[in-house]
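Peer 1: Residue numbering for the sequence shown follows the working numbering, beginning at 4 and increasing consecutively.
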Amino acid sequence: MACADKRVQAINELVNSCQIIKMYNWEKPMEERVHNLRLNELGSVLRASHLYGINMGLYFSSLSFISLATFGDYWLMSDYLKPVHNYSALTFFGFIRVSVTNYLLIAIKRFAEMLTASKRIDAFMRLTKIQERITPTTQIGTIAISMNNASFSWIELICLTNLTMNIESDTLVGL
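#1: With C-beta atoms as the reference, is A13 less than 8 Å away from V48?
#2: Since I170 contacts I146 with CB under 8 Å, what's their CB separation in whole angstroms?
#3: Rounded to the nearest angstrom, what separates I57 and E116 at their Cα positions?
#4: For L40, is the classification buried or exposed, using 16 other Cβ atoms within 10 angstroms of its Cβ as the cut-off for buried?
#5: Select from M128, T119, S149 and S156 the residue whose C-alpha is nearest the C-alpha of K9.
#6: For the alpha helix (DSSP H) containing I69, list its first residue and its last residue.
#7: Helix, strand or coil: which one does DSSP assign to I148?
#8: At a cut-off of 7 Å, is A51 close to the ligand SAH when judged by its beta-carbon and the heavy atoms of the ligand?
#9: Cα separation between L175 and I148?
#10: F96 and L84 - do their beta-carbons sit closer together than 8 Å?
#11: Please identify the residue among M33, S81 and A7 whose C-alpha is closest to the C-alpha of N19.
#12: Rounded to whole angstroms, what's the CA-CA distance from L166 to L178? Just pull it up for me.
#13: Report the three-state DSSP secondary structure of E116 (helix, strand or coil).
#14: Could you give the distance in angstroms between the alpha-carbon of S91 and the alpha-carbon of F98?
#15: Do T131 and L61 count as a contact pair if the criterion is CB distance below 8 Å?
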(Lines of atoms letter the chains of each structure in order from A and count residues from 1; the text may use other names and numbers.)
(Lines give C-alpha, C1' and ligand atoms only; values in the text may rest on other atoms or scores of the structure.)
Protein backbone atom coordinates (compact mmCIF):
# COMPACT_ATOMS: atom_id res chain seq x y z
CA MET A 1 0.00 0.00 0.00
CA ALA A 2 2.82 2.41 0.85
CA CYS A 3 4.56 1.72 -2.47
CA ALA A 4 1.38 2.48 -4.38
CA ASP A 5 0.93 5.70 -2.40
CA LYS A 6 4.46 6.83 -3.24
CA ARG A 7 3.94 6.03 -6.92
CA VAL A 8 0.61 7.87 -7.07
CA GLN A 9 2.17 10.86 -5.32
CA ALA A 10 5.07 10.92 -7.81
CA ILE A 11 2.71 10.68 -10.80
CA ASN A 12 0.56 13.47 -9.33
CA GLU A 13 3.67 15.61 -8.85
CA LEU A 14 4.73 14.84 -12.42
CA VAL A 15 1.38 15.84 -13.88
CA ASN A 16 1.07 19.01 -11.79
CA SER A 17 4.58 20.25 -12.59
CA CYS A 18 4.85 19.05 -16.19
CA GLN A 19 5.72 22.49 -17.54
CA ILE A 20 8.58 22.98 -15.05
CA ILE A 21 9.92 19.50 -15.75
CA LYS A 22 9.96 20.26 -19.48
CA MET A 23 11.53 23.66 -18.94
CA TYR A 24 14.44 22.32 -16.87
CA ASN A 25 14.81 19.13 -18.94
CA TRP A 26 14.08 16.80 -16.01
CA GLU A 27 12.22 14.22 -18.09
CA LYS A 28 14.83 11.46 -17.72
CA PRO A 29 15.27 11.79 -13.92
CA MET A 30 11.49 11.83 -13.44
CA GLU A 31 11.11 8.85 -15.76
CA GLU A 32 13.72 6.93 -13.76
CA ARG A 33 12.06 7.92 -10.48
CA VAL A 34 8.63 6.73 -11.63
CA HIS A 35 10.19 3.55 -13.08
CA ASN A 36 11.92 2.78 -9.75
CA LEU A 37 8.71 3.42 -7.83
CA ARG A 38 6.83 1.08 -10.18
CA LEU A 39 9.50 -1.60 -9.69
CA ASN A 40 9.18 -1.24 -5.90
CA GLU A 41 5.42 -1.52 -6.15
CA LEU A 42 5.71 -4.54 -8.42
CA GLY A 43 8.10 -6.16 -5.92
CA SER A 44 5.64 -5.68 -3.08
CA VAL A 45 2.79 -7.06 -5.21
CA LEU A 46 4.97 -10.05 -6.11
CA ARG A 47 5.76 -10.70 -2.42
CA ALA A 48 2.07 -10.47 -1.57
CA SER A 49 1.27 -12.92 -4.38
CA HIS A 50 3.87 -15.39 -3.09
CA LEU A 51 2.41 -15.15 0.42
CA TYR A 52 -1.06 -15.65 -1.00
CA GLY A 53 0.15 -18.73 -2.90
CA ILE A 54 1.74 -20.17 0.24
CA ASN A 55 -1.46 -19.50 2.16
CA MET A 56 -3.59 -21.24 -0.48
CA GLY A 57 -1.19 -24.20 -0.50
CA LEU A 58 -1.57 -24.46 3.26
CA TYR A 59 -5.34 -24.14 2.88
CA PHE A 60 -5.60 -27.16 0.61
CA SER A 61 -3.06 -29.31 2.44
CA SER A 62 -3.88 -28.38 6.03
CA LEU A 63 -6.90 -30.67 6.39
CA SER A 64 -4.86 -33.71 5.35
CA PHE A 65 -1.91 -32.89 7.61
CA ILE A 66 -4.06 -32.03 10.62
CA SER A 67 -6.16 -35.17 10.17
CA LEU A 68 -3.07 -37.35 9.76
CA ALA A 69 -1.43 -35.90 12.88
CA THR A 70 -4.58 -36.06 15.01
CA PHE A 71 -5.77 -39.51 14.00
CA GLY A 72 -2.21 -40.86 13.94
CA ASP A 73 -1.65 -39.70 17.53
CA TYR A 74 -5.02 -41.05 18.58
CA TRP A 75 -4.23 -44.42 16.99
CA LEU A 76 -0.74 -44.50 18.56
CA MET A 77 -2.30 -44.02 21.99
CA SER A 78 -3.94 -47.43 21.38
CA ASP A 79 -7.43 -46.11 21.11
CA TYR A 80 -9.85 -47.26 18.48
CA LEU A 81 -10.92 -44.83 15.80
CA LYS A 82 -14.71 -44.56 15.75
CA PRO A 83 -16.46 -43.19 12.67
CA VAL A 84 -18.63 -40.86 14.78
CA HIS A 85 -15.56 -39.15 16.25
CA ASN A 86 -13.71 -39.14 12.92
CA TYR A 87 -16.48 -37.37 10.98
CA SER A 88 -17.07 -34.87 13.78
CA ALA A 89 -13.35 -34.12 13.95
CA LEU A 90 -13.08 -33.74 10.17
CA THR A 91 -15.99 -31.28 10.16
CA PHE A 92 -14.37 -29.33 12.99
CA PHE A 93 -11.03 -29.30 11.15
CA GLY A 94 -12.80 -27.98 8.04
CA PHE A 95 -14.25 -25.08 10.03
CA ILE A 96 -10.86 -24.31 11.54
CA ARG A 97 -9.20 -24.49 8.13
CA VAL A 98 -11.57 -21.93 6.63
CA SER A 99 -11.35 -19.55 9.57
CA VAL A 100 -7.57 -19.77 9.98
CA THR A 101 -6.47 -19.63 6.35
CA ASN A 102 -9.12 -17.52 4.60
CA TYR A 103 -10.25 -15.19 7.35
CA LEU A 104 -6.77 -14.74 8.77
CA LEU A 105 -5.55 -13.62 5.35
CA ILE A 106 -8.44 -11.16 5.05
CA ALA A 107 -7.80 -9.92 8.59
CA ILE A 108 -4.10 -9.31 7.86
CA LYS A 109 -4.98 -7.43 4.67
CA ARG A 110 -7.58 -5.28 6.42
CA PHE A 111 -5.16 -4.64 9.30
CA ALA A 112 -2.51 -3.36 6.87
CA GLU A 113 -5.08 -1.11 5.19
CA MET A 114 -6.21 0.12 8.61
CA LEU A 115 -2.63 1.01 9.57
CA THR A 116 -2.17 2.98 6.36
CA ALA A 117 -5.48 4.79 6.82
CA SER A 118 -4.74 5.58 10.47
CA LYS A 119 -1.32 7.00 9.53
CA ARG A 120 -2.98 9.22 6.94
CA ILE A 121 -5.63 10.38 9.39
CA ASP A 122 -2.99 10.99 12.07
CA ALA A 123 -0.86 13.03 9.66
CA PHE A 124 -3.93 15.05 8.67
CA MET A 125 -4.97 15.64 12.27
CA ARG A 126 -1.47 16.83 13.19
CA LEU A 127 -1.49 19.53 10.52
CA THR A 128 -1.51 23.04 11.88
CA LYS A 129 -4.63 25.01 11.32
CA ILE A 130 -4.20 27.66 8.66
CA GLN A 131 -5.33 31.06 9.85
CA GLU A 132 -7.59 32.78 7.39
CA ARG A 133 -6.15 36.06 6.25
CA ILE A 134 -8.52 38.91 6.57
CA THR A 135 -7.87 41.46 3.88
CA PRO A 136 -8.69 45.01 4.82
CA THR A 137 -11.64 46.24 2.87
CA THR A 138 -11.63 49.69 1.42
CA GLN A 139 -14.64 51.85 1.77
CA ILE A 140 -16.37 52.91 -1.39
CA GLY A 141 -15.60 56.50 -2.26
CA THR A 142 -12.11 56.54 -0.72
CA ILE A 143 -8.95 57.05 -2.73
CA ALA A 144 -7.34 53.73 -3.71
CA ILE A 145 -4.38 55.07 -5.76
CA SER A 146 -2.77 58.46 -5.39
CA MET A 147 0.04 59.83 -7.61
CA ASN A 148 1.67 63.21 -7.19
CA ASN A 149 4.09 64.52 -9.83
CA ALA A 150 4.78 60.97 -11.15
CA SER A 151 6.83 60.16 -14.24
CA PHE A 152 6.81 56.92 -16.24
CA SER A 153 9.23 55.72 -18.88
CA TRP A 154 9.76 52.64 -20.97
CA ILE A 155 13.22 51.88 -22.32
CA GLU A 156 14.88 55.34 -22.22
CA LEU A 157 12.14 57.53 -23.60
CA ILE A 158 10.05 59.31 -20.95
CA CYS A 159 6.41 58.90 -21.88
CA LEU A 160 4.50 60.40 -18.97
CA THR A 161 5.76 63.28 -16.80
CA ASN A 162 4.33 65.38 -13.98
CA LEU A 163 1.30 63.11 -13.59
CA THR A 164 -0.86 63.90 -10.57
CA MET A 165 -4.07 61.97 -9.99
CA ASN A 166 -6.23 60.40 -7.30
CA ILE A 167 -8.12 57.24 -8.28
CA GLU A 168 -11.07 56.16 -6.19
CA SER A 169 -11.76 52.50 -5.50
CA ASP A 170 -14.11 50.58 -7.79
CA THR A 171 -13.41 52.87 -10.76
CA LEU A 172 -11.88 52.13 -14.14
CA VAL A 173 -9.19 54.52 -15.37
CA GLY A 174 -7.30 54.43 -18.65
CA LEU A 175 -4.21 56.44 -19.60
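Idealized CB from N, CA, C, for every residue including glycine.
Peer 2: The relevant details are as follows:
#1: no
#2: 7 Å
#3: 21 Å
#4: buried
#5: T119
#6: E30 to L79
#7: strand
#8: The ligand content of the structure shown is nil, which means the ligand SAH is not present either.
#9: 12 Å
#10: no
#11: M33
#12: 11 Å
#13: helix
#14: 11 Å
#15: no
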